[in-house]
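Worksheet: one structure, shown below.
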Amino acid sequence: MRFERSECCRVAAILVCAFLVTGIAPAAAQDTNADAGYPTTGPLSGYMDFHFNKPDKQDGVLDFHRFVLLMSHSFSPRLRFVGELELEHAFVEGLEESGELELEQAYVDFLLSSGLNVRAGMVLVPIGIINERHEPPVYNGVERPFVDTVIIPSTWFEAGAGLHGTFAGNRLRYRAYVLAPLNALEFSADEGIRGGRQKGAEADVRNVAFAGRLEFRGVRGLTLGASAWSGESSFAAPRLDTGVRIGEVDARYRHDRLELRAQFANVTIGDTLRLNDAIGRLTGISPNIARGLRGFYTEAGYRIWNAGVSRDLVGFVRYENFDTQHRMAAGLLPLKQFDRDAVVVGATYYPDPDIAVKADYVWVRNQSGIVPTRRTLNIGLGWWF
Amino acid sequence: MKPLLIALVLLSNVVVHGSSAQPAATKVIEITAERFEFFPAEITIDQGEDVELRITSEDTVHGFRIVGGGVSVAVPKRGRGAAVAKFSATTPGRYRFECHRMCGAGHNFMRGTIIVRAQSTGAAAK
Chain A
7 MRFERSECCR
17 VAAILVCAFL
27 VTGIAPAAAQ
37 DTNADAGYPT
47 TGPLSGYMDF
57 HFNKPDKQDG
67 VLDFHRFVLL
77 MSHSFSPRLR
87 FVGELELEHA
97 FVEGLEESGE
107 LELEQAYVDF
117 LLSSGLNVRA
127 GMVLVPIGII
137 NERHEPPVYN
147 GVERPFVDTV
157 IIPSTWFEAG
167 AGLHGTFAGN
177 RLRYRAYVLA
187 PLNALEFSAD
197 EGIRGGRQKG
207 AEADVRNVAF
217 AGRLEFRGVR
227 GLTLGASAWS
237 GESSFAAPRL
247 DTGVRIGEVD
257 ARYRHDRLEL
267 RAQFANVTIG
277 DTLRLNDAIG
287 RLTGISPNIA
297 RGLRGFYTEA
307 GYRIWNAGVS
317 RDLVGFVRYE
327 NFDTQHRMAA
337 GLLPLKQFDR
347 DAVVVGATYY
357 PDPDIAVKAD
367 YVWVRNQSGI
377 VPTRRTLNIG
387 LGWWF
Chain B
13 MKPLLIALVL
23 LSNVVVHGSS
33 AQPAATKVIE
43 ITAERFEFFP
53 AEITIDQGED
63 VELRITSEDT
73 VHGFRIVGGG
83 VSVAVPKRGR
93 GAAVAKFSAT
103 TPGRYRFECH
113 RMCGAGHNFM
123 RGTIIVRAQS
133 TGAAAK
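Note that the protein sequences, when read in sequence, are chains A and B.
Residue numbers for the first sequence follow our numbering, beginning at 7 and rising by one.
Residue numbers for the second sequence follow our numbering, beginning at 13 and rising by one.
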């Protein structure tokens, strides 16, 4: 749904008013009896994400970005099913540009012991902060971090199986999965490996990929994580040797009103000279895929208003640096418009702990000298139930 | 006479027990719940101890269930108070606790352990 510029201000004003009303109503309702019996939920859980994006000098866009339903069933205390079905952009017409209906999770957990459990089916790749923790009230910003979009292609889900559990007095938690690999013929200069996700759709497993994550949770408020992914990704062009390796480290820390986050991710792709040549021969265009991608971000959030339910406001600022042309094969030049950094400043208001009303302003710069800085105003409403 | 003696013996027994058995102090343990973890996720107590678990959430509604321990409570959302559960450590062993209310993609990871040490082990440790 696109808007003329003159209509944008009106839409933004209406949205802001609606959000304020949403927030003020519970604040006024101090009668605790009104909360009796709440929250209630049916057999389904889920989350929704509704956005208004207004890039500078462009029309604003209203997008019902995500409509996600989670369902679960326990066959017994040790045998459990979890499923997550997501409708993106509200409408599916067969092409990703129009929307997607995705089975993001559908697995059975065989819970054997605290240290050793087995999971099989469609699983989330255990990498980074956001990929396994992406409910809207969990993170700041209307849109997910750029690093968690173009370096780590969240939401990244794949068919496979593996182990998970805790050890060292539950201070360390691990996941180790065997998954279907990426398809290197779908990589690109601007979005890196994102297009290569097979998404469990008749996924080719000529080779398999390995993914693992280790988290330390031994200090209150602190989570340290390290993830790795490795897989041969040239099954669609078997003469190539396109091994992909991803390394990632992250940290989250919360103390009183302060919350800090940081993440670093690095991707290497093998045999990119021949990969670019092969895709160029197939499509007539060299995709200029890099042999190295890199991204990192740091974020500081502060609970400005911390006076209980419905009086809950977090301000935040995030700096991101992400380059999908970080290292090139000999003979290829990087496209500098894809060496980007971003500053995101915004706020998240919680009329309820499960409802996040978000607003932020984003500056995305690049190193090209030709492509201008992109500025975007985002307003969002997300909720979990 | 004989019934009177029996009654006196029984009464003295009750008095002795009543005077020597101090009410055991309940140990309070604060637990924080948030997607997708409990902190602390491992709790060690001694056999015979009665504990009161006060669980608060940093985000959404969670569940707190001790598998096989007869405890199952809902943990209210952030800012809406704590769930209180009492647990008597009568039998030594490891008890798993877990969130039993779907709270997001990593819900099944949200588990922890209560270790009940046998009385002699606990005394030795002290």
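All C-beta atoms in this analysis are idealised placements derived from N, C-alpha and C, irrespective of residue type, glycine included.
> Which residues share a DSSP beta bridge with residue 334 of chain A?
Replying inline: For the purposes of this step, residue 334 of chain A is identified with residue 328 of the first sequence, where counting begins at 1. Paired residue(s): none; residue 334 of chain A is not in a bridge.
> Taking Cβ-Cβ distances below 8 Å as the criterion, which residues of the segment 161 to 189 of chain A are in contact with chain B?
Replying inline: So the close ones are 170, 172, 175, 176, 177 and 179.
>> For residue 72 of chain B and residue 89 of chain B, which I take to be in contact (beta-carbon distance under 8 Å), what is that distance rounded to the nearest angstrom?
In response: Residue numbering aside, residue 72 of chain B sits at position 60 when the second sequence is read from its first letter. Residue numbering aside, residue 89 of chain B sits at position 77 when the second sequence is read from its first letter. Contact flag correct, Cβ pair sits at about 6 Å.
> Is there at least one Cβ from chain B nearer than 8 Å to residue 149 of chain A's Cβ?
Replying inline: Taking the first sequence and counting its residues from 1, the one referred to as residue 149 of chain A is at position 143. With 8 Å as the cut-off, residue 149 of chain A does not count as an interface residue toward chain B.
> What's the gap between the Cα of residue 29 of chain A and the Cα of residue 64 of chain A?
Replying inline: Working through the first sequence from its first residue, we reach residue 29 of chain A at position 23. Working through the first sequence from its first residue, we reach residue 64 of chain A at position 58. Bear in mind that the predicted position of residue 29 of chain A carries a pLDDT of just 45, short of 50, making it too unreliable to give a figure here.
>> Please report whether the beta-carbon of residue 223 of chain A lies at a distance below 8 Å from any beta-carbon of chain B.
In response: Position 217 of the first sequence, counted from the first residue, corresponds to residue 223 of chain A. Yes, residue 223 of chain A lies at the interface with chain B (some Cβ there is under 8 Å from its Cβ).
>> Counting only Cβ pairs nearer than 9 Å, list the residues of chain B close to residue 82 of chain A.
In response: Position 76 of the first sequence, counted from the first residue, corresponds to residue 82 of chain A. Per Cβ cutoff of 9 Å: no residues; residue 82 of chain A is ~11 Å from chain B at best.
> Among residues of its own chain, excluding the 5 on either side of residue 106 of chain A, which ones have a beta-carbon nearer than 6 Å to its beta-carbon?
Replying inline: Within the first sequence, the letter at position 100 stands for residue 106 of chain A. Closer than 6 Å at the Cβ level, and outside the excluded window around residue 106 of chain A, lie 94.
> How would you call residue 64 of chain B, buried or exposed, if buried means at least 16 neighbouring beta carbons within 10 angstroms?
Replying inline: If you number the second sequence from 1, residue 64 of chain B lands on position 52. Exposed, since its Cβ has fewer than 16 Cβ neighbours within 10 Å.
> Nearest to residue 62 of chain A by alpha carbon, out of A/180, A/379, A/344 and A/270?
Replying inline: Counting from 1 along the first sequence, the entry for residue 62 of chain A is found at position 56. For the set A/180, A/379, A/344 and A/270, the Cα lying nearest the Cα of residue 62 of chain A is the one of A/379.
>> Within 10 Å of its beta-carbon, does residue 52 of chain B have 16 or more other beta-carbons around it, so buried, or fewer, so exposed?
In response: Walking along the second sequence from the start, residue 52 of chain B turns up at place 40. So residue 52 of chain B ends up on the buried side.
> Around the Cβ of residue 322 of chain A, are there at least 16 other Cβ atoms within 10 angstroms (buried) or fewer (exposed)?
Replying inline: What you label residue 322 of chain A is simply residue 316 of the first sequence in a count that begins at 1. With 16 or more other Cβ atoms inside 10 Å of its own Cβ, residue 322 of chain A counts as buried.
> Among all the DSSP beta bridges, which residues are the ones paired with residue 235 of chain A?
Replying inline: On the first sequence, residue 235 of chain A is found 229 positions in, with the first residue counted as 1. DSSP output for residue 235 of chain A lists A/217 and A/252 as bridge partner(s).
> Would DSSP call residue 282 of chain A helix, strand or coil?
Replying inline: Along the first sequence, one-based indexing puts residue 282 of chain A at 276. Of the three classes helix, strand and coil, the one that applies to residue 282 of chain A here is helix, per DSSP.
>> Only counting the same chain, and skipping five residues up and downstream in sequence, which positions put a Cβ closer than 8 Å to that of residue 360 of chain A?
In response: One-based indexing of the first sequence puts residue 360 of chain A at position 354. Here the set comprises 45, 143, 389, 390 and 391.
> What number of angstroms, rounded off, separates the C-alpha of residue 303 of chain A from the C-alpha of residue 269 of chain A?
Replying inline: On the first sequence, residue 303 of chain A is found 297 positions in, with the first residue counted as 1. On the first sequence, residue 269 of chain A is found 263 positions in, with the first residue counted as 1. For residue 303 of chain A and residue 269 of chain A, the distance between alpha carbons rounds to 5 Å.
> Counting contacts by CB-CB distance shorter than 8 Å, is residue 264 of chain A in contact with chain B?
Replying inline: For the purposes of this step, residue 264 of chain A is identified with residue 258 of the first sequence, where counting begins at 1. So, not an interface residue.
> Expressed to the nearest angstrom, what Euclidean distance is found between the alpha-carbon atoms of residue 130 of chain B and residue 106 of chain B?
Replying inline: Walking along the second sequence from the start, residue 130 of chain B turns up at place 118. Walking along the second sequence from the start, residue 106 of chain B turns up at place 94. Taking the straight line joining both Cα atoms gives about 11 Å.
>> Taking CB distances under 8 Å as the criterion, tell me whether residue 40 of chain A reaches chain B.
In response: Here residue 40 of chain A refers to the residue found at position 34 when the first sequence is read from its first residue. Only weak support is given to the placement of residue 40 of chain A: the predicted model assigns it a pLDDT of 48, under 50, and the value that follows is read from those uncertain coordinates. Closer than 8 Å: no.
>> Distance cutoff 8 Å, beta carbons only. Does residue 139 of chain A sit that close to anything in chain B?
In response: As a first step, residue 139 of chain A is located in the first sequence; it is residue number 133 there, counting from the start. For residue 139 of chain A, the nearest CB of chain B lies under 8 Å from its own CB, placing it at the interface with that chain.
> Within the 8 Å Cβ cut-off, does residue 311 of chain A reach chain B?
Replying inline: By 1-based counting over the first sequence, the position of residue 311 of chain A is 305. Chain B contact via Cβ: absent.
>> Distance cutoff 8 Å, beta carbons only. Does residue 269 of chain A sit that close to anything in chain B?
In response: Here the question's residue 269 of chain A lines up with position 263 in the first sequence. It does not; no Cβ of chain B falls within 8 Å.
> What residues from the segment 46 to 80 of chain B come within 7 Å of chain A, judged by C-beta to C-beta, listed N to C?
Replying inline: 47, 49, 51, 53, 54, 71, 72, 73 and 79
> residue 211 of chain A to residue 123 of chain A, Cα distance in whole Å?
Replying inline: As a working note, residue 211 of chain A is residue 205 in the first sequence. As a working note, residue 123 of chain A is residue 117 in the first sequence. If I take the Cα positions, the gap works out to 23 Å.
>> Nearest by alpha-carbon distance to residue 372 of chain A: which of A/350, A/387, A/158 and A/328 is it?
In response: In the first sequence, residue 372 of chain A corresponds to position 366, counting from 1. Nearest C-alpha to residue 372 of chain A: A/328.
>> For residue 68 of chain A and residue 152 of chain A, what's the separation of their Cα atoms in angstroms?
In response: Here residue 68 of chain A refers to the residue found at position 62 when the first sequence is read from its first residue. Here residue 152 of chain A refers to the residue found at position 146 when the first sequence is read from its first residue. C-alpha separation (whole angstroms): 20 Å.
>> Which same chain residues end up closer than 7 Å to residue 263 of chain A when comparing Cβ atoms and leaving out the 5 residues on each side of it in sequence?
In response: Mapped onto the first sequence, residue 263 of chain A falls at position 257. For residue 263 of chain A, where only same-chain residues beyond five positions count, the Cβ hits under 7 Å are 308, 309 and 312.
> CB of residue 168 of chain A to nearest heavy atom of the ligand FAD: below 7 Å?
Replying inline: By its list of ligands, the structure shown contains no ligand whatsoever, and the ligand FAD lies outside what it can speak to.
>> Tell me which residues share the same chain as residue 274 of chain A and place their Cβ nearer than 6 Å to its Cβ, disregarding the 5 neighbours each side in the sequence.
In response: Locating residue 274 of chain A in the first sequence gives position 268, counting from the first residue. Correct list, in chain order: 251 and 298.
> If you run the structure through DSSP and keep just helix, strand and coil, what is residue 391 of chain A?
Replying inline: Counting from 1 along the first sequence, the entry for residue 391 of chain A is found at position 385. The answer is coil: DSSP assigns residue 391 of chain A none of H, G, I, E or B.
>> Please list, in chain order, the chain A residues whose beta carbon lies closer than 7 Å to that of residue 114 of chain B.
In response: Position 102 of the second sequence holds residue 114 of chain B. Correct list: 51, 76 and 78.
> Where does residue 372 of chain A sit, in a helix, a strand or coil, going by DSSP?
Replying inline: To locate residue 372 of chain A, count along the first sequence from 1; it is residue 366. Residue state, collapsed to three classes: strand.
>> Can you check whether the C-beta of residue 109 of chain B is within less than 8 Å of a C-beta belonging to chain A?
In response: By 1-based counting over the second sequence, the position of residue 109 of chain B is 97. No, its Cβ sits nowhere closer than 8 Å to a Cβ of chain A.
> Can you name, in chain order, every residue of its own chain whose Cβ lies under 7 Å from the Cβ of residue 225 of chain A, other than the five neighbours on each side?
Replying inline: Here residue 225 of chain A refers to the residue found at position 219 when the first sequence is read from its first residue. Nothing listed; no residue qualifies.
> Under a CB-based cut-off of 8 Å, is residue 390 of chain A close to chain B?
Replying inline: What you label residue 390 of chain A is simply residue 384 of the first sequence in a count that begins at 1. Yes, residue 390 of chain A counts as interfacial toward chain B.
> Who are residue 54 of chain B's beta bridge partners in DSSP?
Replying inline: By one-based count along the second sequence, residue 54 of chain B stands at place 42. The partner list for residue 54 of chain B (beta bridge, DSSP) reads B/125.
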